[in-house]
Amino acid sequence: MRARTWITCTILLVAASAAQAQQSPAPADSCRTCHVMLEGRLQEPAAQFEEDIHAVRGFTCAECHGGDAREEDMEKSMSRARGFRGVPKRTEIPQLCARCHSDGAFMRNYNPSLRTDQLAQYRTSVHGKRLAAGDPRVAVCTDCHSVHRIRPASSPISSVHPLQIPNTCGRCHADPGYMRAYKIRTDQLTGYQASAHYETLTRGDLAAPTCATCHGTHGATPPGVASVERVCGTCHVFQEQLFDQSPHKAPWAASKIAACLTCHGNHAVKRTSDALVGTGTEAICMTCHSAGDGGGKSAERIHKALGVLDGSLGEAAAILDRAERVGMEVAEARVTLSSAREKLIKARVDVHTMDGAKVEETTQAGLKLAKQANQDGQNALAEHAFRRKGLALSLFAIAFVVVCLWLLIRDLERPRIVNETRRP
Amino acid sequence: MGESASEHTQKDTRGRRKLLGFLFGSGVTASLISFFYPILRFVLPPLSGELDADTVAAKANELAPNTSKIFRMGNRPGLLVRLADGSYRAYEAVCTHLNCTVQYRDREHDIWCACHNGVYNLNGGVVSGPPPRPLEQFEVHIRGQEIVVSRGSRT
Amino acid sequence: MMEALRNWMKARFGEGVLDWLWHKQVPRHRHTIWYYLGGMTLFLFVVQVVTGILLLLYYRPSPGEAFESVQFIMTKVQFGWLIRGIHSWSANLLICTAMLHMFSTFFLKAYRTPRELTWVTGCLLFFLFLGFGFSGYLLPWNELAFFATKVGTQMMAAVPLIGNWLLTFFRGGEEVTGATLTRFFGFHVAIFPLLTTGVLAAHLFLVQYFGMSVPPSYQKAYDKGEVPTYAFVPNFLLRDILGWYLALGVLAALAALFPWELGVKADAFAPTPAGIKPEWYFLFLFQTLKLIPGKVLFIEGEQFGVLAFGLGALLWMLVPFLDRRPEGPLGRWVAVVGGVIVAYILVMTVWGWRG
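From first to last, the protein sequence lines are chains A, B and C.
In short: position in the first sequence from 1, add 1163, done, that's this note's numbering.
In short: position in the second sequence from 1, add 243, done, that's this note's numbering.
In short: position in the third sequence from 1, add 16, done, that's this note's numbering.
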C-alpha cells in the first residue's frame, strides 16, 4: 500500500508541474516583466499595456520600441544594435503604426475586417497636413487611441468608442490655451453636449452622430460649405431632398451660405420646435426675412398650419383620454389619431420646402383625421352621459319602491283604534 | 268613536293597504326589471366576440406572396407581411422613432418608415435610419381559414 | 298573499318548518338600528356573488388576457361597466358594513354567553372577506394591483419560521407572476367561497338559534319580557328590504358616477410606481408597519409587526372567552380597549391615505 501511495504522489506532482508550465503565457516579454517592477513614469506603460489589444494578441513592447524582448539583460534587450529606439518622436508615430496597420497582408493574420487605409486618410486630414508641414502639436494616432491602452472602438472604455469620442476630440479642441495658436473656436464640445444628437447618444443610441460621424475619423476635416448638406443628408434624407427643391437652394449655393447649419447650427443642434419657423421671437426665418416680405409671409403660413394641426391633435387627445378614463372604448379613434399625428410629423419635414402650400396640403389631411378622432371621442362621452340618464331612471324606480315601503311600514304599524292583531 | 266610525276606518285601512300594496308591488316589479334587464343583456355575448388579445388579421389566401396588409391590433396598427416563400410575419406597425406607421417594401424586402427613412429588416431589427429599437414582432398562427395574430406570452 | 304561501307550505312541510321564521321577534330599543347591519352585510355579499358569477362569464385569469378581458367587459359587453363597477364598489361597501357590524356587536357585547361561537364564526367571516378583497384586487392585472400584491405578499415573509414557505405558497413562486394570478383566482372563486359557505351557514344558524341579543342594559328587562318587539316578518324584514334597496341605489350611483378605473396593464419589469398603497381596509396595517422601527428588542421590526397583528387578531377572536363578566369592570375595560382599537384604525387609515 505504501508503494502505491508513493507512485500516486509522484504522478500527481509531475502532472501538476507540467500543467503549470503549460499555463505560462506565450512569448515572454522581458521589457514588461522588468518595467512593471519599477516606479512612476517607467512603470505606468508596462502596467497599462496589460489591457492593450496588442498585448492580448501577443505583441511585445519591442514591436514598437525595438530591442529584444527575449533578453533579460538590459544591455542586450535595450541595445541600439538590436533596433531599440526608445520613445518615438511624435512626427514618426503615424509611420510607425502604419508599418503594420497599412499592411493588408499582415493585418489579415489578425483581423481581416479592419481597414488598412488609415494612414492614407490621415494624410488628407487637417491633422495630417499640418504634421507634414512640421507642426508636432496636432493629433497623431496615439493622441486619440491612447499610447499603451489601445482597445477596439467597440469597447465601451476605449477612447474612440462613440460615447468617448466627444471627450477625446475635446481634449485639444475644447482647450482654449492649447488652441490659441490656431485661431479656431473651442466651443464645439460644449455646443455638442447641449445638442439633440448628444442627448440621443447618451440615451443609448450609439448610431447618433459624434464628431467622427460628420468630420470623419482618420481623414478628419470640417465639411466644406457645399458639402454640409450632403453630410447632414446622410441621415436626414428627406430634409436634404426637399431643401434641394426649395427656393433657398440656389441663392445660398451662390452666396456660399451653408445649408442646414445656417438655421440649425452645426454643433449645438437643438431639438426643433414649431416656434423655430414663422415670424415670432424665436423664429430663425426672421434672421434674414422680415414679416412683410415673401419669405416672411411663407414662414408665417407654415407656422400657422403647424400650430392649427398641433392644437387640433391636442384637443382630440384630451377628449379621448377623458373617454378612456371613464372606461369607454376608443381603440378605433386612437388609431385615427395616430394617423393624424403622423401627418404633423410629415408636415414638419415638409417645412424644408419653404412652401406654405405644400405644408398646408399635409396639415389639411391631418386635420381631417384629427376631427374624426375628436368626433369619435365626443360620441364615447355622449354614450357615457347616456348611462347616467339610465342610472337616473333606475334610481327613480328604486326611490319609488323605498317610498312605498316606508308608507307600507308606517301603515302596518299605525296604532289601531279597534283591537286588531299587527299581522295583515 | 262609534261603530260606524271604526268600520269606516277599517274600510279606509283596507283600501289604503290595497293601494299601497299595489304600488309597492309595481314599484318592486319596475325595479326588478331595471335590475334584470342589464343582467340579461350582459349574459348575451357581444357581437365582436373575441378579445383583442388575438386578432384575425386576414383570411387564408387574401395576401399574395411578397405583399402586406395593415390591420388593427387593439389600439394600434399592425403589419402583416406574406414573404416570398409564402410564410407570414406580423409586427406592430408603429415605428420606434416617432410612431409613424411603417410599410413593407416589396422590392427591397424590408420594412420602411416614410417619415424619416427608417429601415427595418424582416426580423424587425433596425438596419438604418433613426429608429432606436427594433419593431415589436407578433406571433402568427394559421387557424383554419384565418390568419391569427397575437401578442404572444408574457410573464 | 303571505297567508296563501303559508298554507301552501304547511300543507306540504307540516306545521313547524318555517314557523320559527313567522314567529321570530326582534327586540325594539334604542340600539335596534344596529341590527340591520348583519342583514346589510349579507345582502352585499349576495350582490358580490351574483356580480362575481356574471363577471366569471367573461373573465380570463392569465396574465396575457386578464387585463384585456376586463377591458372587454368594460367596453364591449353590454352593461359590463355596470356589473364590474357594482362588483368593485360593493366589495368596499361590504367590508365597510362588515366592520361596522363587527364593532357594533362588540360594543353591544352581543358576544356574551351563549353567543360566543356566533362571534367566532363572525370573525372568521371577516377574515375571509379580507381574503376575498385581497385576492380579488389582483385579478384585473393592472399596475396598481400588481404592485399592491407584491408589497402585500412581501409581508408574509416576515412571519417567523414559515414566512418564506407562506410567501412561496401564496405567490405560486418567488415573485408575483402569472402563477400568482392563477392561484389568487382559485382562492377568489373556489376556495374562499367554499369556506365562506360553511362558516356563513354556521353563523346564520347560530343567529337564528339563539335569537337577537339585547344590549346588557336591557338584559334584565328582556328576561322579564318587558322589552317591546317587532315581528321579523313583515315589520323588520320590510325595513331590511328598504335598506337593501337604498344600498342598491347607492351602488348603482357609485358605479355610474364614479366608475372604477381600468388602469394600466401590469408590467413586471417596470419600476414600482411611487406612492403605492393597498386598499383602504389594509391601510392601517400598512401604515403601522411603516412606523415600526427596524428592530424592536431582539426581533426584526417587520416580524414584530406581523406577530403583533397575528396576536391581536387571535385575541379579538377570543374576546367572548376573555370578557367573562361583561357587566363588571373587566367588561368596561374591554369596551375601552375596543374604543382605542377603533380610534387607532381610523387614525392609521387616514394617515396611510394621506401618505
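Glycine residues also receive a C-beta, built at the ideal position from the N, C-alpha and C atoms.
Who are the near neighbours of E1439/A in its chain, counting only those whose CB is closer than 7 Å to its CB and skipping five residues on each side? What you label residue 1439/A is simply residue 276 of the first sequence in a count that begins at 1. Just to set this straight, residue 1439/A is Leu in the shown sequence, not Glu. Cβ neighbours of L1439/A beyond the five flanking positions: E1445, A1446 and I1447.
Kindly give me the distance between the Cβ atoms of L330/C and D339/C, rounded to whole angstroms, as I take these residues to be in contact under 8 Å. As a working mapping, residue 330/C is identified with position 314 in the third sequence. As a working mapping, residue 339/C is identified with position 323 in the third sequence. Between D339/C and L330/C the Cβ distance is about 15 Å, and since that is not below 8 Å, they are no contact.
Roughly how many angstroms separate the alpha carbons of T398/B and A161/C, rounded to a whole number? Here residue 398/B refers to the residue found at position 155 when the second sequence is read from its first residue. Here residue 161/C refers to the residue found at position 145 when the third sequence is read from its first residue. Interpretation of T398/B is limited by its pLDDT of 32, a score under 50 that renders its predicted location unreliable; no figure is taken from the coordinates.
Other residues of its chain near L1405/A: CB distance less than 6 Å, five sequence neighbours each side excluded: Position 242 of the first sequence holds residue 1405/A. In chain order, H1515 and T1516 place their CB closer than 6 Å to the CB of L1405/A, counting only its own chain and leaving out the 5 sequence neighbours on each side.
Starting from the beta carbon of Q64/C, find every residue of chain B whose beta carbon is closer than 9 Å, and list them in chain order. For the purposes of this step, residue 64/C is taken as residue 48 along the third sequence, with counting starting at 1. Correct list: empty, because the minimum Cβ distance to chain B is about 15 Å.
Out of L264/C, M333/C and P275/C, point me to the one whose CA is closest to M1491/A's CA. Position 328 of the first sequence, counting from 1, holds the residue named residue 1491/A. Nearest C-alpha to M1491/A: P275/C.
Would you verify that the beta carbon of K1552/A is, or is not, closer than 8 Å to some beta carbon of chain B? As a working mapping, residue 1552/A is identified with position 389 in the first sequence. Chain B contact via Cβ: absent.
Among the candidates G321/B, K302/B, A327/B and P281/B, whose CA atom is the shortest distance from the CA of P308/B? As a working note, residue 308/B is residue 65 in the second sequence. It is A327/B.
Give the single residue among L313/C, R255/C, G68/C and M364/C whose Cα lies nearest to the Cα of R44/C. Start at 1 with the first residue of the third sequence, and residue 44/C comes out as number 28. R255/C is the residue among L313/C, R255/C, G68/C and M364/C whose C-alpha sits nearest the C-alpha of R44/C.
Quick check on F1247/A: does DSSP put it in helix, strand or coil? As a working mapping, residue 1247/A is identified with position 84 in the first sequence. The answer is coil: DSSP assigns F1247/A none of H, G, I, E or B.
Thinking C-alpha only, which one of A1510/A, G1477/A and K1509/A is nearest R1497/A? Within the first sequence, the letter at position 334 stands for residue 1497/A. When only C-alpha atoms are compared, the closest one is G1477/A.
Quick check: A263/C and L98/C, are their CB atoms within less than 8 Å of each other? To locate residue 263/C, count along the third sequence from 1; it is residue 247. To locate residue 98/C, count along the third sequence from 1; it is residue 82. No, these two residues do not count as a Cβ contact at 8 Å.
Indicate the three-state DSSP secondary structure (helix, strand or coil) for M322/B in the structure shown. By one-based count along the second sequence, residue 322/B stands at place 79. Reading the sequence as shown, one finds Leu at residue 322/B and not Met. In the structure shown, L322/B sits in a strand (DSSP, three-state: E or B).
Return the chain-ordered list of same chain residues with a C-beta closer than 8 Å to the C-beta of T1223/A, the five sequence neighbours on each side being excluded. Here residue 1223/A refers to the residue found at position 60 when the first sequence is read from its first residue. Contacts found: P1190, D1192, C1194, R1195 and A1232.
Once you ignore the five residues that flank V1391/A on each side, which residues in its own chain have a CB closer than 8 Å to its CB? The count along the first sequence starts at 1 and reaches residue 1391/A at position 228. Excluding sequence neighbours, V1391/A sits near A1421, A1422, C1423, L1424 and N1429.
Taking Y334/B and G367/B to be in contact with their CB atoms under 8 Å, please state how far apart those CB atoms are, rounded to whole angstroms. By one-based count along the second sequence, residue 334/B stands at place 91. By one-based count along the second sequence, residue 367/B stands at place 124. Rounded, the Cβ-Cβ distance is 6 Å, consistent with contact.
Cβ neighbour criterion (16 or more within 10 Å) applied to K1531/A: Sequence index remark: in the first sequence, residue 1531/A carries index 368 (1-based). With fewer than 16 Cβ atoms within 10 Å of its Cβ, K1531/A is classed as exposed.
Which of the three DSSP states, helix, strand or coil, is assigned to V316/B? Here residue 316/B corresponds to residue number 73 of the second sequence, with the count starting at 1. Inspection of the sequence shows that residue 316/B is occupied by Met rather than by Val. If DSSP states are grouped into helix, strand and coil, M316/B belongs with the strands.
Note down, in chain order, every chain C residue with its Cβ under 9 Å from the Cβ of P320/B. What you label residue 320/B is simply residue 77 of the second sequence in a count that begins at 1. Result: empty, since nearest Cβ-Cβ is about 18 Å, beyond 9 Å.
For chain C, is any of its Cβ atoms less than 8 Å away from the one on I282/B? For the purposes of this step, residue 282/B is taken as the residue at position 39 of the second sequence. True, the Cβ-Cβ gap to chain C drops below 8 Å.
Which word fits R199/C, buried or exposed, when buried means at least 16 other C-beta atoms lie within 10 angstroms of its C-beta? For the purposes of this step, residue 199/C is taken as the residue at position 183 of the third sequence. Counting Cβ neighbours within 10 Å, R199/C comes out buried, since at least 16 surround it.
For D35/C, does the count of other Cβ atoms within 10 angstroms reach 16, so buried, or fall short, so exposed? Translated into positions along the third sequence, residue 35/C becomes position 19. That one is exposed.
DSSP beta-bridge partners for P43/C? Along the third sequence, one-based indexing puts residue 43/C at 27. P43/C is bridged to T245/C.
Suppose you measure from the CA of N1582/A to the CA of T57/C; what does that come to, to the nearest Å? Here residue 1582/A refers to the residue found at position 419 when the first sequence is read from its first residue. Here residue 57/C refers to the residue found at position 41 when the third sequence is read from its first residue. Unreliable placement is indicated for N1582/A, whose pLDDT of 48 sits below 50; no coordinate value is reported for it.
For chain C, find out if any of its Cβ atoms is closer than 8 Å to the Cβ of L1571/A; answer yes or no. Here residue 1571/A refers to the residue found at position 408 of the first sequence. Yes, because at least one Cβ of chain C sits closer than 8 Å to the Cβ of L1571/A.
On the three-state DSSP scale, how would you describe M17/C? What you label residue 17/C is simply residue 1 of the third sequence in a count that begins at 1. Three-state result, M17/C: coil.
Helix, strand or coil for H282/B, going by three-state DSSP, please let me know. Taking the first residue of the second sequence as position 1, residue 282/B is located at position 39. A small correction: the amino acid at residue 282/B is Ile; His does not occupy that position in the sequence shown. Helix at I282/B.
In terms of DSSP beta bridges, what is C356/B paired with? Position 113 of the second sequence, counted from the start, is the residue given in the question as residue 356/B. Residue pairing by DSSP places C356/B opposite G361/B in a beta bridge.
Mind pulling the chain C residues with CB within less than 8 Å of I394/B? Here residue 394/B refers to the residue found at position 151 of the second sequence. The residue asked about is misnamed: residue 394/B is Arg in this sequence, not Ile. Those within 8 Å of R394/B in chain C are G80.
Leaving aside the five residues before and after V363/C along the sequence, list all residues of the same chain whose C-beta is less than 7 Å from its C-beta, in chain order. On the third sequence, position 347 is the one that residue 363/C refers to. Taken in chain order, the list of residues that qualify is empty.
Thinking just about the alpha-carbon of each residue, which of V249/C, P250/C and Y234/C is nearest to the one in V243/C? Counting from one through the third sequence, the residue named residue 243/C turns up at place 227. Among V249/C, P250/C and Y234/C, the Cα nearest to that of V243/C is on Y234/C.
By DSSP, does V322/C sit in helix, in strand, or in coil? Here residue 322/C refers to the residue found at position 306 of the third sequence. In the structure shown, V322/C sits in a helix (DSSP, three-state: H, G or I).
Going by alpha carbons, who is nearest to Y1355/A out of I1482/A, R1393/A and G1333/A? Taking the first sequence and counting its residues from 1, the one referred to as residue 1355/A is at position 192. Nearest of I1482/A, R1393/A and G1333/A to Y1355/A, Cα basis: G1333/A.
Rounded to the nearest angstrom, what separates H352/B and F186/C at their Cα positions? Here residue 352/B is taken as the residue at index 109 of the second sequence, counted from 1. Here residue 186/C is taken as the residue at index 170 of the third sequence, counted from 1. The alpha-carbon separation between H352/B and F186/C amounts to approximately 50 Å.
For L98/C, which residues in chain B fall below 7 Å Cβ to Cβ? Residue numbering aside, residue 98/C sits at position 82 when the third sequence is read from its first letter. P281, listed in chain order.
Contacts of V93/C in chain B (Cβ-Cβ under 7 Å): By one-based count along the third sequence, residue 93/C stands at place 77. Here the neighbours are F285 and P289.
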